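Residue numbers (the UniProt record's numbering): 1 to 375.
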Amino acid sequence: MFALNLFKRVITKSVPTQKQLIIRKMSEEIPKMQKAAVFEEVGGPITIKEIPVPECGPGDILVKILYSGVCHTDLHVWLGDFPVETKVPLVGGHEGAGIVVKAGANVTNFKVGDYAGIKWINSTCLACEQCKRGFETTCSLAVNSGLGVNGTFQQYCIGKATEAAPLPKDIDLAKAAPILCAGVTVYKALRESNIYSGQIVAITGAGGGLGSLAIQYAKAMGLRVMAIDMGEKEEHCKKLGAEFFVDPIKAGDDLVKIIKDLTDGGPHAVINIATSDKPIAQACEYVRTKGTVVLVSLPKDGKVNADVFWMVFRALTIKGSYVGSRQDATEAIDFLKRGLIDFPYEILPLEALPSVYDRMQKGQISGRVVLDMWK
């Protein structure tokens, strides 16, 4: 068992306890207006402004967002990196944790006062083949928080009750927020890798927000971890539980050989979180025969460059993994509840969002950033 409670939240001033906040928030009436981070055009200025509190439909819940994680996907949406249309003006964000303050007439699985999380998948049709098979993340009619509808960088957010994540009452909502996307995403990717306890998984981009969580989940699942990232993140990754560390800049052209030598033939699987094409091509070379390369990150205009002969001859699997289902979310949150996940994060006010995006683009964030919507 690896050491827990390694990290503390960054708190700049004395604040009420979460329970005190909840009692205070629940006693208030739902206002007409709220604070939100809005951009009017792709890549344009992000403005903190007052906007109307959204109306709650019959199948919706209205969640008072206490904390929202900041995900690299939010940055991609703001920059317009995805080959899909971004609804503007837009409130980004899709890792929102808070309290249900209103439930629609048709809602049976939430009541006022429950803890709830708003995820990337805001709603699905629940009727197509993918939804019926439990693969609702690939529903062609899925609507995404912070892309197709306003997301969680606002104080009150709407979500379909069928997709919102129930959160335990004894959980730290600030720490739960990043689990709603980042945690679910890496947990699902590790499951998709089809490797077993005691085997080795390599994680590219291991020192960032997703990577930090991936290391923790991998260790909790009994896997041995090789972290691949810039040299300054070695101590961070090893503190989280990585057994091996490789700096791709220092390794240079010898990267594939170094990784194969360290792991006696290559890792059994690779979770690609690095946001460029090159690590994907390298992973296809150093992964062990019959191994799996799981693609998680979404590099702009990214392509997979792999030698087909060796893919066939070595029986390799290359696959994509896209967030996670409702059940994946429940399981990922349970790891946190049981104290198996303890990742570094800092809490900042909503007004810090533009500077967070700037730090993301410069690779200056280790762990996760969580926005306090009421600071």
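Every residue gets a Cβ at the ideal spot worked out from N, C-alpha and C, and that includes glycine.
On a predicted model such as this, the values are computed, not experimentally measured, just so you know.
Which residues mark the beginning and the end of the beta strand (DSSP E) in which residue i is found?
i, result
"Gln-154", "Where Gln-154 is concerned, there is no enclosing beta strand (DSSP E), given that its DSSP letter is neither H nor E."
"Ala-37", "33-39"
"Leu-180", "Per DSSP, Leu-180 belongs to no beta strand (DSSP E) and is neither H nor E."
"Val-101", "96-103"
"Tyr-67", "60-70"
"Met-188", "According to the sequence shown, residue 188 is Lys rather than Met. Taken as a continuous stretch (DSSP letters only), Lys-188 belongs to no beta strand (DSSP E), being part of the alpha helix (DSSP H) at 184-192."
"Glu-50", "46-52"
"Arg-368", "368-372"
"Ala-116", "115-118"
"Ile-203", "200-204"
"Ile-249", "Note, Ile-249: premise wrong, no beta strand (DSSP E); alpha helix (DSSP H) at 248-251."
"Leu-295", "292-295"
"Ser-123", "121-123"
"Ala-306", "Careful: Ala-306 lies outside any beta strand (DSSP E) and carries neither H nor E."
"Val-166", "The identity of residue 166 in the sequence shown is Pro, whereas the question assumes Val. Per DSSP, Pro-166 belongs to the beta strand (DSSP E) from 165-167."
Return the CA-CA distance between residue i and residue j, expressed in angstroms with no decimal places.
i, j, result
"Thr-162", "Asn-109", "8 Å"
"Ala-103", "Ile-118", "14 Å"
"Gly-198", "Gly-183", "21 Å"
"Val-100", "Thr-317", "42 Å"
"Gly-363", "Asn-106", "44 Å"
"Lys-160", "Leu-213", "26 Å"
"Ser-27", "Gly-59", "At Ser-27, the pLDDT of 47 sits below 50, so the modelled position is not reliable; the number obtained from the coordinates is stated separately. Taking the straight line joining both Cα atoms gives about 24 Å."
"Cys-125", "Cys-181", "20 Å"
"Val-10", "Ile-347", "For Val-10, the pLDDT reaches just 44, beneath the cut-off of 50, and the residue's location in the model is therefore unreliable, although a value from the coordinates is still provided. Taking the straight line joining both Cα atoms gives about 6 Å."
"Lys-375", "Val-308", "53 Å"
"His-76", "Phe-82", "7 Å"
"Ile-23", "Pro-248", "Summary for Ile-23: the model assigns pLDDT 47, below 50, so the residue's position carries little reliability, and this model does not support an answer."
"Ala-174", "Glu-331", "18 Å"
"Ser-321", "Glu-192", "7 Å"
"Ile-365", "Gly-96", "20 Å"
"Ile-215", "Lys-32", "42 Å"
"Glu-29", "Ile-46", "28 Å"
"Trp-310", "Leu-336", "39 Å"
"Glu-235", "Gly-302", "29 Å"
"Lys-257", "Val-246", "11 Å"
"Asp-74", "Asn-144", "11 Å"
"Ala-165", "Val-63", "11 Å"
"Gly-57", "His-268", "47 Å"
"Asn-272", "Arg-314", "19 Å"
"Trp-78", "Ser-123", "21 Å"
Cα-Cα, which of the options is closest to residue i?
i, options, result
"Arg-224", "Leu-66, Thr-185, Gly-266, Glu-29", "Gly-266"
"Leu-190", "Ala-220, Ala-174, Glu-85", "Ala-220"
"Ile-341", "Val-186, Glu-95, Leu-371, Gly-98", "Val-186"
"Lys-233", "Gly-209, Asp-253, Val-149, Gly-113", "Gly-209"
"Leu-350", "Pro-83, Phe-153, Glu-29", "Phe-153"
"Ala-242", "Ile-249, Gly-222, Thr-138", "Gly-222"
"Ser-325", "Cys-131, Gly-57, Trp-78, Tyr-67", "Cys-131"
"Asp-277", "Ser-297, Gly-148, Gly-113", "Ser-297"
"Ser-140", "Gly-151, Ile-121, Val-149, Asn-150", "Ile-121"
"Lys-87", "Asn-272, Gly-148, Pro-45", "Gly-148"
"Ala-329", "Ile-48, Lys-188, Gly-302", "Lys-188"
"Ala-306", "Val-323, Gln-361, Pro-279, Ala-218", "Pro-279"
"Met-373", "Glu-129, Pro-89, Gly-151, Glu-85", "Gly-151"
"Lys-239", "Gly-57, Trp-78, Pro-344", "Pro-344"
"Val-270", "Tyr-357, Ile-258, Gly-291", "Gly-291"
"Lys-169", "Gly-134, Tyr-357, Glu-85, Lys-111", "Lys-111"
"Tyr-217", "Gly-339, Asp-358, Gly-80", "Gly-339"
Measuring CB to CB, does residue i end up less than 7 Å from residue j?
i, j, result
"Ala-283", "Val-293", "yes"
"Tyr-286", "Lys-260", "yes"
"Val-91", "Ala-177", "no"
"Leu-262", "Phe-244", "yes"
"Tyr-115", "Gln-34", "no"
"Ile-195", "Pro-54", "no"
"Ile-179", "Ile-333", "yes"
"His-94", "Gly-43", "no"
"Gly-207", "Asp-229", "yes"
"Ser-68", "Leu-353", "no"
"Ile-65", "Gly-113", "no"
"Pro-89", "Glu-50", "no"
With respect to the alpha helix (DSSP H) encompassing residue i, which residues constitute its N-terminal and C-terminal limits?
i, result
"Leu-348", "Premise fails: Leu-348 lies in the beta strand (DSSP E), 345-349, not in any alpha helix (DSSP H)."
"Ser-276", "Note, Ser-276: premise wrong, no alpha helix (DSSP H); not H, not E."
"Asp-261", "255-262"
"Ala-329", "326-337"
"Arg-314", "Premise fails: Arg-314 is in no alpha helix (DSSP H) and is neither H nor E."
"Ser-355", "353-361"
"Ile-215", "209-220"
"Leu-240", "234-240"
"residue 386", "This structure leaves residue 386 out entirely; the chain is present only between 1 and 375."
If residue i and residue j are in contact, beta carbons under 8 Å, what's the gap, nearest whole angstrom?
i, j, result
"Val-312", "Val-70", "Their Cβ separation, rounded to whole angstroms, is 41 Å, which puts Val-312 and Val-70 out of contact at 8 Å."
"Glu-136", "Ala-142", "7 Å"
"Gly-205", "Ala-274", "4 Å"
"Met-226", "Ala-202", "4 Å"
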